[in-house]
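Protein sequences, first through last, are from chains A and B.
Position 48 of the first sequence, counting from 1, maps to 395 under our numbering, and the rest follow consecutively.
Position 3 of the second sequence, counting from 1, maps to 1005 under our numbering, and the rest follow consecutively.
See below for the structure under consideration.
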Amino acid sequence: MSETKSKFGAPSKVPAWVSLGLIPLINLVAAFLISGVVILIVGDDPIKALEVLVYGAFGYPEAVGYTLYYTTNFIFTGLAVAIAFHCGLFNIGAEGQAFIGGLGVGIAALYFDFLPFWAVIPLAIMLGAVFGAGWAYVPAYLQAKRGSHIVITTIMFNFIAFSVMTYLLVEVMINPSAGGSPETREFSDHTWLARAPEFTGMADSPLNFSFILALLLSGVFYYFVWHTRWGYEIRVVGQNESAARYAGISPSKNIILAMIISGGLAGFVAVNELLGVHHRVLMDFTGGYGFVGIAVALMGRNHPIGIFMAALLFGAIYQGGTELSFEMSNINKEMVIVIQGLIILFSGALENMFRPKIEGFFKKRQSLSTAEV
Amino acid sequence: MEIFEVTILLLDATFRVATPLVLAALAGMFSERAGVVDIGLEGKMLGAAFAAAAVATTTGSAWLGLMAGIAASLALSSLHAYACVTHNGNQVVSGMAINIVVAGLTPTLGFAWFKLGGRTPALNGDERFSSITLPFADAIGNIPVIGYIYAELISGHNIIVYMAAAAVPIVAYVLFRTRFGLRVRAVGENPHAVDTAGISVEILRYKALAVTGFLCGIAGTYLSTAHGAGFIRDMTAGKGYLALAASYSENGSQSQLCWPVCSLPLPTRYRRDFRVLNYLSSV
Chain A
348 MSETKSKFGA PSKVPAWVSL GLIPLINLVA AFLISGVVIL IVGDDPIKAL EVLVYGAFGY
408 PEAVGYTLYY TTNFIFTGLA VAIAFHCGLF NIGAEGQAFI GGLGVGIAAL YFDFLPFWAV
468 IPLAIMLGAV FGAGWAYVPA YLQAKRGSHI VITTIMFNFI AFSVMTYLLV EVMINPSAGG
528 SPETREFSDH TWLARAPEFT GMADSPLNFS FILALLLSGV FYYFVWHTRW GYEIRVVGQN
588 ESAARYAGIS PSKNIILAMI ISGGLAGFVA VNELLGVHHR VLMDFTGGYG FVGIAVALMG
648 RNHPIGIFMA ALLFGAIYQG GTELSFEMSN INKEMVIVIQ GLIILFSGAL ENMFRPKIEG
708 FFKKRQSLST AEV
Chain B
1003 MEIFEVTILL LDATFRVATP LVLAALAGMF SERAGVVDIG LEGKMLGAAF AAAAVATTTG
1063 SAWLGLMAGI AASLALSSLH AYACVTHNGN QVVSGMAINI VVAGLTPTLG FAWFKLGGRT
1123 PALNGDERFS SITLPFADAI GNIPVIGYIY AELISGHNII VYMAAAAVPI VAYVLFRTRF
1183 GLRVRAVGEN PHAVDTAGIS VEILRYKALA VTGFLCGIAG TYLSTAHGAG FIRDMTAGKG
1243 YLALAASYSE NGSQSQLCWP VCSLPLPTRY RRDFRVLNYL SSV
């Protein structure tokens, strides 16, 4: 396993624009080509589908608002998966952590709403992060102290989170006047996050203050991972556990730290979804964002700027794909999932398919030009 | 006497629910033993379930459906091998990608081909594997205890349940008593040693993953054409992950492997509120 782990973010000797720009682009094009084939198979025109997708994502202000709203979620989960990657861990549980984070947000917004907005909103954000972190702590502890496989435990914790939240929403926190659907009462309106201002033309979209939070957290993420001792230790453990142990860095402590931060970041999805948009706790608000976070982190090479770009891409695919299912007769909204899966396949699993050839091409050219000099 | 009958009926249901889990867990164990983590069991089963139901409903033959299910699962398995073995890609990412692609692709194709909102048409008659009554089941069914157990518990399942039961000793034999099995175990524990011995690690892992694909194909086919009557979107509902956990939990020893898998459905039958676990009680 260790030989595959160290592949993430490993330095390469080719120009940065090739490894950070060209190779992801080629992987992306390959994924879109296969998606086009699928669209052909179901009997629609792939070129028209692409047009609809781009127009649906960026064509008018409200669409841009929706795209950025999805982007917000993907930034949170992308950062969550990325911090775990930096520690050599695979957090598939962002989905469950976000869901449990929703419980924290809900508790603050439902039972502490007597506080003024400047107290209850930070409290809700904090509880969301703490609950998400707490949910990530258990698999982290099991991995660090007991050697359980974190992939298995985080997957299982998604199921447990789902069951726990179903129980709480059906039996405990349900709003009796909601006609039996498992959701809480609406939060009182001073806990709601501010929507996008009127002049941007996105006021009707669900874009809200969380987007600013996502950008802020990206900055903090960069500073934390590359400019603090904690971030350094996490990266050392991720790249070489025995070297870390030899240098006096505790792997188990850093595994737990990275996972707690990961869970906390995942919890922010609940802030965007519940405080920003739905204003109540309900089922399935995590909508697969946790899984897409894996793709976002992979494409973004675990760097905040890359993650932002990848999140924007996936946000556009989400929003454009919804439009696609309205416009095209043979395409339904699952097509978006196919495109996502193919992007994960090409930019993650098959990342070594094109890379050696492209890198070899540039290395050869480099050595030629230095020889000429 | 009533408790006895309830127990037998419960075990009977457990057999039926455990069948895909047993097959998928054996599949997961095979790739695990060959040194390839396969979290794509879920996707392979789902793909097989769709292919089996689609072919069974168009051709009218459950057996052709089974072939198609196995073929679909083998194709996905080869994709996993191509990514992880040939290109040395990350195994977890590859499995995850396969799960997501299949989760999207099956309803997309189902929607386009059958126009039933992502389902396949309901299967009946020869399009499904129907239950088999073993010889003498009716004749000795009235004998207390033994006859009852034979008629209710052992007889009356469809062919794939018996295939799953047979698969356990067969896989045990292949893995622990044949040259191929020895090599598969060796390649998982120490690929360099296998390489030094002049055996191709790549080919061996491809073969092991083909076995994984084969078993997952049967498991998926069971879901849509034997246990159920047609494909429903996300019908695996986490069974692949459960099987994966089961194959991990016992470190791959079959005699022990069966127990966690079989015992999984028992407690969950009574928790009908829990949507995720609800599928287990839908027998």
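The C-beta atom is built at its ideal place from N, Cα and C for all residues, glycine as well.
Kindly indicate which residue of the options has the alpha-carbon position closest to the one of residue i.
| i | options | result |
| --- | --- | --- |
| V485 of chain A | A:P469, A:I507 and A:W465 | A:I507 |
| A1212 of chain B | B:G1120, B:D1197, B:T1108 and B:S1079 | B:S1079 |
| E1129 of chain B | B:I1010, B:D1040, B:S1249 and B:S1063 | B:S1063 |
| Y570 of chain A | A:S366, A:I497, A:G406 and A:I652 | A:I652 |
| K1046 of chain B | B:S1249, B:G1106, B:G1242 and B:A1247 | B:G1242 |
| A1018 of chain B | B:V1189, B:I1156, B:Y1084 and B:A1248 | The residue you asked about is not Ala; residue 1018 of chain B is Arg in the sequence shown. Here the closest residue by C-alpha is B:I1156. |
| A1248 of chain B | B:V1024, B:V1008 and B:T1016 | B:V1024 |
| V685 of chain A | B:V1103, B:S1033 and B:D1014 | B:V1103 |
| S557 of chain A | A:R542, A:F546 and A:A550 | A:R542 |
| W1065 of chain B | B:A1020, B:P1022 and B:N1160 | B:N1160 |
| L554 of chain A | A:I381, A:Y417 and A:E698 | A:Y417 |
| S694 of chain A | A:V361, A:L372 and A:V519 | A:L372 |
| A658 of chain A | A:F673, A:I602, A:N438 and A:I690 | A:I690 |
| I1010 of chain B | B:T1122, B:V1038, B:G1049 and B:A1153 | B:A1153 |
Could one say the Cβ of residue i lies closer than 8 Å to chain B's Cβ atoms, at least one of them?
| i | result |
| --- | --- |
| G667 of chain A | no |
| E706 of chain A | no |
| N587 of chain A | no |
| S366 of chain A | no |
| M682 of chain A | yes |
| N679 of chain A | yes |
| V572 of chain A | no |
| V477 of chain A | no |
| V685 of chain A | yes |
| I521 of chain A | no |
Can you tell me whether residue i is buried or exposed, with buried defined as 16 or more other CB within 10 angstroms of its CB?
| i | result |
| --- | --- |
| S714 of chain A | exposed |
| R582 of chain A | buried |
| S1226 of chain B | buried |
| A1228 of chain B | buried |
| V384 of chain A | exposed |
| L1259 of chain B | Caution is warranted here: a pLDDT of 45 is assigned to L1259 of chain B, below 50, making its placement in the model unreliable, and no coordinate value can be reported. |
| R1207 of chain B | buried |
| E350 of chain A | Confidence at E350 of chain A is low in this model, with a pLDDT of 39, below 50, so its placement is unreliable and no value can be given for it. |
| I608 of chain A | buried |
| V1008 of chain B | exposed |
| H1082 of chain B | buried |
| V519 of chain A | exposed |
| Y458 of chain A | exposed |
| W482 of chain A | buried |
| S1075 of chain B | buried |
Using beta carbons (cut-off 8 Å, strictly below), is residue i in contact with chain A?
| i | result |
| --- | --- |
| F1113 of chain B | yes |
| I1142 of chain B | no |
| H1290 of chain B | The question about residue 1290 of chain B has no answer here: the residues shown for chain B are numbered 1003 through 1285. |
| A1085 of chain B | yes |
| A1020 of chain B | no |
| F1052 of chain B | no |
So with CB distances below 7 Å, who are the chain C contacts of residue i?
| i | result |
| --- | --- |
| V1094 of chain B | This model lacks chain C altogether; the protein chains it does include are A and B. |
Which residues of the stretch 1230-1247 of chain B have a Cβ closer than 7 Å to any Cβ of chain A? Give them in chain order.
So the list reads G1240, Y1243, L1246 and A1247, given in the order they occur along the chain.
Interface positions of the stretch 493-508 of chain A facing chain B (Cβ-Cβ less than 8 Å), listed along the chain
H496, V498, I499, I502, M503 and F506
With 7 Å as the limit, tell me which residues of the stretch 688-700 of chain A have their beta carbon closer than that to any beta carbon of chain B; keep them in chain order.
G688, L689, I691, L692, G695, A696, L697, E698, N699 and M700
Give the residues from the stretch 1096-1112 of chain B that approach chain A closer than 7 Å (Cβ to any Cβ), ordered along the chain.
S1096, M1098, A1099, I1102, V1103, A1105, G1106, L1107, P1109, T1110 and L1111
With 7 Å as the C-beta to C-beta threshold (strictly closer), list the residues of the stretch 1167-1192 of chain B near chain A in chain order.
none
Validate contact between the stretch 611-626 of chain A and the stretch 434-454 of chain A using beta carbons, cut 8 Å, 3 pairs:
yes
Taking one C-beta from the stretch 627-634 of chain A and one from the stretch 468-478 of chain A each time, how about it: are there three or more such pairs within less than 8 Å?
No, the stretch 627-634 of chain A is not in contact with the stretch 468-478 of chain A.
Return the residues of the stretch 1193-1217 of chain B that lie within a Cβ-Cβ distance of less than 7 Å from chain A, sorted by chain order.
none
With 8 Å as the C-beta to C-beta threshold (strictly closer), list the residues of the stretch 612-641 of chain A near chain B in chain order.
Within the stretch 612-641 of chain A, those residues whose Cβ lies closer than 8 Å to any Cβ of chain B are, in chain order, F638 and I641.
Taking a Cβ distance cut-off of 8 Å, strictly less, list which residues of the stretch 416-446 of chain A are near chain B, in chain order.
F437 and I439
Could you tell me whether the stretch 647-661 of chain A touches the stretch 550-568 of chain A, using the rule of 3 or more Cβ pairs below 8 Å?
In this structure the stretch 647-661 of chain A lies against the stretch 550-568 of chain A, because at least three pairs of beta carbons, one per stretch, are closer than 8 Å.
Residues in the stretch 1035-1050 of chain B with C-beta within 8 Å of chain A's C-beta atoms, listed in sequence order?
V1039 and I1041
In the stretch 363-394 of chain A, which residues sit with their C-beta less than 8 Å from some C-beta in chain B, listed in chain order?
V385, I388, V389 and G390
Tell me which residues of the stretch 643-673 of chain A have at least one Cβ-Cβ distance to chain B shorter than 8 Å, keeping chain order.
L645
Between the stretch 404-414 of chain A and the stretch 582-601 of chain A, do at least 3 Cβ pairs fall closer than 8 Å?
Here the stretch 404-414 of chain A does not lie against the stretch 582-601 of chain A, with fewer than 3 beta-carbon pairs under 8 Å apart.
For the pair the stretch 1216-1226 of chain B and the stretch 1098-1117 of chain B, tell me if three or more CB-CB distances fall below 8 Å.
Cβ pair count under 8 Å is below three, so no.
Given 8 Å, three or more beta-carbon pairs between the stretch 1183-1200 of chain B and the stretch 1022-1036 of chain B:
Counting Cβ pairs under 8 Å, three or more are found: they touch.
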